[in-house]
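Student:
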Amino acid sequence: VAIRIVEGPEPLSAQALEAGEECILIESEAYRLLVEELRRYCRREVTGRSFLIAGHRGSGKTTMVSSAFLQVLQESKRRQTRLRPLLVQLHGPSLFPEPSQGAPGPSAAPPSAGTGTTRPKTDAELALEQITLGLHRAVAREFSAAFRAAFDVPVVREQSWWQKLIGIPIQPVRFWSHAALAELAAAFEVELYEGPTAARLRWYWNHANLDGVGILGFDGRDPMRQIVALSGVCDAYRRISGTYELEEKLKDEAKRELQRTLGIDSKDTALFTSLVSLLTGGLVGTGLFAAAAAGGPASTVGGVLSALAAAGILKYSTTRSGSRAASREYRFIFDLSAATLDRVLPVLIERLQLAGLAPIFVVDELDKVKDLSSRILGMVHHLKKLVAENAFFCFLTDRTYFEGVVRRGATIAYPVEYTYFTHQLFVAFSPCDFHAYIQGHEAAAGAPVREGVLRVPRPPAPPGTQATPAPSPTPPPASVMSAAGSASATAGAPPPPPTPGATLAATPTSESTDLPLLSYMLLHRSRMHAIDLRREIALLRDDDGNVALSPGTVRTDRTYRLDVQIQLAVEMVLDSVELRAKLERDPSFRRTAHDGLYFLSRRWADPGAAIDLTDGALPGFGTYLTERVGTEGTQPATASGLSQNPVAPQPVVVPVVDQDFLFGRVRRLATLLSDPAAYKARFKEWNAMRSSSGLRPVDQTVVDALMIDTEYLLEPDAAHLTFRWRFDTAGGSLGAAAGPQAAAPPIQPWRDDLMFVQGFAAVLAEVVR
Amino acid sequence: MIDFGTLSTQLRVIKTSPAWEVVRGAVDRLSGLDDKAPLLPDQSQDAEAVRAFAGLLRQDGDLIALALVCGAFVGQASTQLPAERLLIGLTAISQALRLKDKSDEVVREDLQRLTADVSSRFKLELSAQPIAPPGDVGALAAYKSELQQAIAGARAFSFESAREATRARAWPAAAERMKAFLTAATSSVPSPLPSVDEMLTLVAGTSPGSLVPFDLAEATIVHWSGVFDRASRGMRPPTDVEFAPPWLAAVSLAALGFWFKNPNELVQWLGSIPRASPEPGSSSTVDEIGNAFSAFHLIGSPRAERGVLVLYDQTRSLIADWKPSTRTASLCLTGGQLQTLAQADALRPPRLPESLLPRFDVVAVEDEGTDRSMTGEPLWTRLITSREVLGPQRTLGDVLGHSPTLVRFVRDRPRVPVPNVPLVPGPKSIDDLFPVDLTPQLAR
């Protein structure tokens with residue numbers, strides 16, 4: 188039995204994403220808030236959120252966001268959310284490239300209409316391109332992976348009414364071989380990066396027999412929405428990947444013709460008319476004469492009149508004929524420039540959501556963008572609705588930008604960032620967060636115990652007691668029902684009740700007793716810094732992945748117990764009323780406070796030197812603090828005191844009032860470490876306060892390891908303002924105590940002690956026999 | 002074998018620092034040295050560890066004696082071999098009094114209180130006078146003699162002769178602790194520690210000590226469900242080691258998350274379940290259950306958002322270690338227990354009160370021919386049919402007399418990786434197993 192070191196896979200590693208292995212994370216208030224908001228987004232309770240997440244280098248900002256994504260992803264696979272999160276990673280310096288470098292991809296906007304000249308792209312356009320690229324990459328990866336996975340599970344479909352009627356389930360069968368399906372999946376993946384059309388995607392759906400369920404595996408959702416979403420993203424990808432033009436032509440013709448009489452197309456119309464008139468007049472005159480109804484003159488007059496009428500009619504029909512015609516032609520050229528992506532992206536996001544995916548955009552490395560404060564404003568004006576209301580964005584940056592945003596918020600009424608970032612988080616961890624990371628912890632009632640990095644195998648039950656629950660004497664049945672239950676079901680007799688479950692619990696082992704002390708030791712040696720903590724844990728590891736220290740060593744050797752004693756004192760001071768109140772108001776102050784309180788520990792590297800905590804030492808302490816926390820992201824100062832880069836961000840200066848405040852806390856810490864009575868009194872008060880506020884009291888094994896009855900760690904001068912360490916970091920004594928607490932118990936010869944221990948052990952062995 | 006390591010790390014009778022494992026090595030290394038020779042740095046470290054441990058023994062020698070005597074007394078209730086009884090007794094005391102959370106001063110006070118309890122309840126003086134810690138090697142002989150005498154006196158106790166009286170005293174004490182546990186959220190009264198009578202019943206393997214763990218926060222859903230099953234059906238007479246009184250049915254339901262605004266229906270229901278003893282539906286049973294609601298302050302608004310009835314495999318189940326949740330009230334039964342209740346028509350309306358119906362969703366899949374796509378199903382479970390659980394010719398509707406709203410039978414299965422298909426970590430709590438049901442929303 189040994190303490191195992193299990194650091195777990197990184198959140199976005201294949202082991203975490205595919206093998207389902209649990210990640211271990213230092214959780215913080217910021218993490219819990221982020222997870223909850225992500226959860227709400229994936230349940231479609233909110234339409235979008237925009238987080239500014241800041242923290243010191245190595246504080247784990249990226250890991251925190253990735254872990255939050257992974258947690259909600261796994262919840263979605265357990266059907267606890269409506270949408271599946273889709274991580275879209277964006278590189279901050281690519282989103283805001285330096286003007287001299289230009290943006291990756293097409294760097295100039297298309298010629299503007301009329302002028303024919305090109306103009307450089309705006310920050311917003313560049314950002315839109317990068318967002319689209321990232322979105323396409325993420326969507327293509329998601330779909331191609333899902334497409335491949337869809338072949339590895341059997342197709343199970345709902346039975347139709349007639350299948351239920353005849354009682355024979357008939358399931359669809361794929362006729363393609365596995366190799367052919369694999370080839371199909373490979374072709375699909377390749378083609379996704381070439382911008383396939385919707386018709387082409389439909390072809391894949393048909394051939395893969397995915398019409399019913401789609402490839403993302405969501406129940407109860409229209410699978411065709413997946414094609415709609417995917418084709419939309421591919422279309423947007425084409426816009427930014429090259430010159431993409433789309434033209435539509437439409438011709439509209441109309442013709443109108445009016446003709447009342449028959450027209451004869453002849454050039455000799457006049458001759459024809461005369462002939463017809465003469466013939467008509469002759470026929471009429473002949474007819475009248477023959478009928479003897481009229482005399483010769485009358486017949487002649489009748490013929491003439493008829494000839495004249497016929498000529499008149501023919502002339503009329505010619506003049507009434509006419510026609511009209513009109514023709515129009517349309518030409519529509521789609522505007523597919525990057526500038527229109529701001530209209531396209533919300534639609535794409537909405538389509539993805541309808542298909543069951545919730546894009547989460549993570550913009551990392553923003554601290555490497557020069558002049559971020561002013562450049563991000565351009566994006567704010569154009570994309571605020573998209574970023575803050577239509578999607579989930581996380582902007583990861585360092586402390587410098589965060590401080591600027593906070594400062595503007597304090598001095599300007601409702602600056603643009605006020606609503607641009609719906610949440611402003613600073614990643615900092617409390618001692619409880621670190622202890623939970625190392626030892627694990629129990630969350631809310633009913634929630635499982637979260638295991639930490641250091642794990643002790645469950646000890647065996649004590650001898651002569653039952654296991655919980657007691658194993659059934661019968662072999663395990665094939666069904667969920669116990670064997671006794673099955674038998675009784677057929678016999679009709681009630682089954683015997685389960686065996687009583689309550690027994691003596693397993694007793695602690697030496698390793699489980701060491702665990703809390705290791706946690707305090709590690710926190711002190713890492714100065715409660717996330718990346719240093721991982722390094723310290725790595726130093727503890729042996730070849731088998733276990734803690735290299737032999738059991739009990741951390742409880743016995745002074746070098747480790749000193750770490751425990753100092754760390755506990757640091758936590759007591761951190762939890763003082765004033766400091767706790769300040770941290771609640773300003774969580775970003777936590778890292779500064781930690782660095783301040785480890786002032787004494789850092790001076791331990793030179794244990795013989797005096798530690799001056801008089802008023803005159805305050806400027807030196809301020810310099811120490813500035814060195815620790817104030818120079819992040821800035822250029823090193825030159826000899827003249829000026830930064831080499833005139834546009835470099837200003838160093839974060841710890842205000843004098845904060846320096847003074849923390850200096851007072853350091854003095855308090857020094858008092859605790861130099862006065863056992865003060866240490867004991869404060870510990871008693873603090874531990875009681877923890878219990879009353881619902882926190883677990885400090886583990887008794889940690890209390891047992893404190894050397895406050897026999898040792899004190901700092902030697903004060905008469906004024907209790909200058910101190911010296913009494914031990915070096917290896918636990919060796921640095922000379923006889925000369926201070927007021929020098930009344931250590933008399934040291935007996937070791938031989939007497941040895942014989943006493945041996946004798947007592949023999950007595951015990953005889954008595955318990 | 003009990004040594005200083007057992008007394009410190011396992012039982013927490015004495016301090017855990019310095020560690021006996023390290024000191025024992027130091028003792029071995031120093032034993033062969035000449036005490037006139039100067040010590041090397043490593044040997045000085047050993048000598049310092051031995052000196053510190055000797056100081057610990059000089060300080061807590063009386064505590065060791067006190068614990069051993071008390072352990073010998075409590076261990077007498079065990080039916081194990083005499084050599085193991087002392088360790089069993091000490092373990093029971095350590096866990097009952099939660100010594101792992103206490104300093105040696107408080108441990109001393111608790112053990113002194115325990116000896117006083119033994120004296121008053123069993124008329125047995127465990128130690129005529131406190132055994133003083135030895136200060137040097139010369140005092141060890143007298144210490145040993147006194148301790149052996151005291152342990153022999155404790156081992157003279159016969160639990161069998163005091164069994165029933167002990168159990169009779171243990172029940173009110175257990176009830177008091179359960180009441181404190183159930184009202185902990187609204188009460189500032191600290192939960193009392195288990196009495197010596199409860200310790201003896203645990204070691205003897207009889208109720209009430211054997212029902213649920215001493216630390217009620219450690220009791221699992223399976224623990225409380227077992228208590229409910231026994232208490233509601235009265236499978237054992239009061240003299241049986243597994244007896245559970247009827248009022249425990251109401252208490253266990255509350256511990257599982259079921260709280261009631263109007264308990265009358267529930268009282269009638271519990272009273273109607275056929276019992277082996279006393280007679281089913283007798284007025285005393287109903288009265289006893291009814292009184293429990295007021296005595297344990299169980300009347301109030303439901304705290305859980307939903308309730309589920311879980312069928313579980315007694316021999317291999319995911320949920321064996323899960324604790325009750327404040328969000329999901331849950332009752333775990335084996336298939337046999339479910340059918341027994343069903344045979345008594347206890348789960349059919351109108352026996353099962355209307356107010357309870359929505360709470361008792363049953364975890365089961367639909368009938369054969371499920372309509373779920375495996376592409377979306379987490380691979381740690383395998384869907385099975387109700388016939389697999391309830392046997393042929395039986396459906397859930399047959400058993401319950403109504404169709405439950407949430408139906409899903411799942412069985413955990415080995416996490417066999419399927420190529421290209423991501424695995425999902427299995428559920429680790431009852432809330433994980435029953436996430437918010439989004440199926441209706443997804444269907445929109």
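Chains as they are written, first to last, in the numbering used here: chain A, 188 to 956; chain B, 2 to 445. Note that the Cβ used here is the ideal one computed from N, Cα and C, for glycine as well.
According to the Cβ coordinates, are ALA151 of chain B and SER128 of chain B closer than 7 Å?
Tutor: In this structure, SER128 of chain B lies closer than 7 Å to ALA151 of chain B by Cβ.
Student: What residue range does the alpha helix (DSSP H) around TRP225 of chain B cover?
Tutor: 222-234
Student: Output needed for TYR588 of chain A: all residues of its chain with C-beta closer than 6 Å, excluding positions within five of it in sequence on either side, in chain order.
Tutor: If you ignore the 5 residues before and after TYR588 of chain A, its C-beta comes within less than 6 Å of the C-beta of LEU559, all in its own chain and listed in chain order.
Student: Where ARG226 of chain A and LEU332 of chain B are concerned, what is the direct C-alpha to C-alpha distance, given to the nearest angstrom?
Tutor: LEU332 of chain B has its alpha-carbon roughly 28 Å from the corresponding atom of ARG226 of chain A.
Student: Excluding the 5 residues flanking ALA345 of chain B on each side, which residues of the same chain have their C-beta closer than 7 Å to its C-beta?
Tutor: ILE274, PRO275
Student: Count the other C-beta atoms from every protein chain shown that fall within 10 angstroms of the C-beta of TRP937 of chain A, then say buried if there are 16 or more, exposed otherwise.
Tutor: buried
Student: Going by beta-carbon coordinates alone, are ALA255 of chain A and VAL614 of chain A separated by less than 7 Å?
Tutor: no
Student: Answer with yes or no whether the minimum CB distance from GLN611 of chain A to chain B is below 7 Å.
Tutor: no
Student: Going by alpha carbons, who is nearest to ARG30 of chain B out of A:VAL954, A:GLN945, A:VAL950, A:VAL955?
Tutor: Of all alpha-carbon atoms in A:VAL954, A:GLN945, A:VAL950, A:VAL955, the one lying nearest the alpha-carbon of ARG30 of chain B is that of A:GLN945.
Student: Quick one: what does DSSP say ALA826 of chain A is sitting in, helix, strand or coil?
Tutor: Legend: pLDDT at ALA826 of chain A = 39, less than 50; position of this residue unreliable, value from coordinates given subsequently. In this structure, ALA826 of chain A counts as coil in the three-state DSSP scheme.
Student: Nearest-angstrom Cα distance between ALA163 of chain A and ILE427 of chain A?
Tutor: This structure gives no information on residue 163 of chain A, because the portion of chain A shown stretches from 188 to 956.
Student: May I have a chain-ordered list of the beta strand (DSSP E) segments no shorter than 3 residues that lie completely inside the region 567-628 of chain A?
Tutor: 579-584, 610-613
Student: Where does ILE718 of chain A fall in DSSP's three states?
Tutor: helix
Student: Over what stretch of residues does the beta strand (DSSP E) that includes ARG911 of chain A continue unbroken?
Tutor: 909-912
Student: To the nearest angstrom, how far is it from the Cα of PRO658 of chain A to the Cα of ALA55 of chain B?
Tutor: For PRO658 of chain A, the pLDDT reaches just 32, beneath the cut-off of 50, and the residue's location in the model is therefore unreliable, leaving the point undetermined.
Student: TRP873 of chain A touches chain B at which residues, Cβ-Cβ below 9 Å?
Tutor: Those do not exist, as TRP873 of chain A stays about 15 Å from chain B at its closest Cβ, beyond 9 Å.
Student: Pick helix, strand or coil for LEU299 of chain B, following the three-state DSSP scheme.
Tutor: coil
Student: So, THR319 of chain A versus ALA385 of chain A, is the Cβ gap smaller than 7 Å?
Tutor: no
Student: To the nearest angstrom, how far is the alpha carbon of GLU723 of chain A from that of VAL751 of chain A?
Tutor: 15 Å
Student: If you draw a straight line from the alpha carbon of PRO239 of chain B to that of ILE753 of chain A, how long is it in whole angstroms?
Tutor: 56 Å
Student: I'd like to check one pair, PRO903 of chain A with SER861 of chain A: are the Cβ atoms closer than 7 Å?
Tutor: yes
Student: Looking at LEU312 of chain B: is its Cβ nearer than 7 Å to the Cβ of GLY336 of chain B?
Tutor: yes
Student: Assuming LEU770 of chain A contacts ARG777 of chain A (C-beta within less than 8 Å), just tell me the rounded distance between them.
Tutor: LEU770 of chain A to ARG777 of chain A, Cβ: 5 Å. Contact.
Student: Chain A partners of LYS180 of chain B, CB-CB under 7 Å?
Tutor: Residues of chain A passing the Cβ test: none, with the nearest at roughly 18 Å.
Student: In or out: GLY807 of chain A buried (at least 16 other Cβ within 10 Å) or exposed?
Tutor: exposed
Student: State the beta-bridge partners of SER920 of chain A as determined by DSSP.
Tutor: A:PHE914
Student: Where DSSP assigns a beta bridge to LEU544 of chain A, which residues make up the other side?
Tutor: Bridge partners of LEU544 of chain A according to DSSP: A:ARG271.
Student: Using a Cβ-Cβ cut-off of less than 7 Å, list which residues of the region 92-112 of chain B approach chain A; keep chain order.
Tutor: THR92, ALA93, GLN96, LYS101, ASP102, LYS103, SER104
Student: Residues of chain B with a CB under 9 Å from the CB of PRO738 of chain A: which are they?
Tutor: THR10, ALA20, GLU22, VAL23
Student: Under 6 Å Cβ to Cβ from MET200 of chain B, same chain only, skipping five residues before and after it: list those, please.
Tutor: VAL75, ALA93, ALA97
Student: Give the straight-line distance between the Cα atoms of SER879 of chain A and TRP873 of chain A, rounded to the nearest whole angstrom.
Tutor: Between SER879 of chain A and TRP873 of chain A, the C-alpha separation is close to 10 Å.
Student: Can you give me the C-alpha to C-alpha distance between GLY565 of chain A and ILE240 of chain A, rounded to a whole angstrom?
Tutor: Distance between the alpha carbons of GLY565 of chain A and ILE240 of chain A: 20 Å.
Student: Whole angstroms is fine: what's the gap from VAL889 of chain A's alpha carbon to LEU704 of chain A's?
Tutor: 6 Å
Student: Under 8 Å: do the region 842-853 of chain A and the region 65-80 of chain B share three or more Cβ pairs, one atom per stretch?
Tutor: no
Student: Where does ASP759 of chain A land, buried or exposed, given buried means 16+ other C-beta within 10 angstroms?
Tutor: A small fix is needed here, since residue 759 of chain A is Met in this sequence, not Asp. When all chains shown are included, MET759 of chain A counts as buried.
Student: By DSSP, does VAL834 of chain A sit in helix, in strand, or in coil?
Tutor: Because VAL834 of chain A sits at a pLDDT of 43, beneath the cut-off of 50, its placement in the model cannot be relied upon, and the point is left open.
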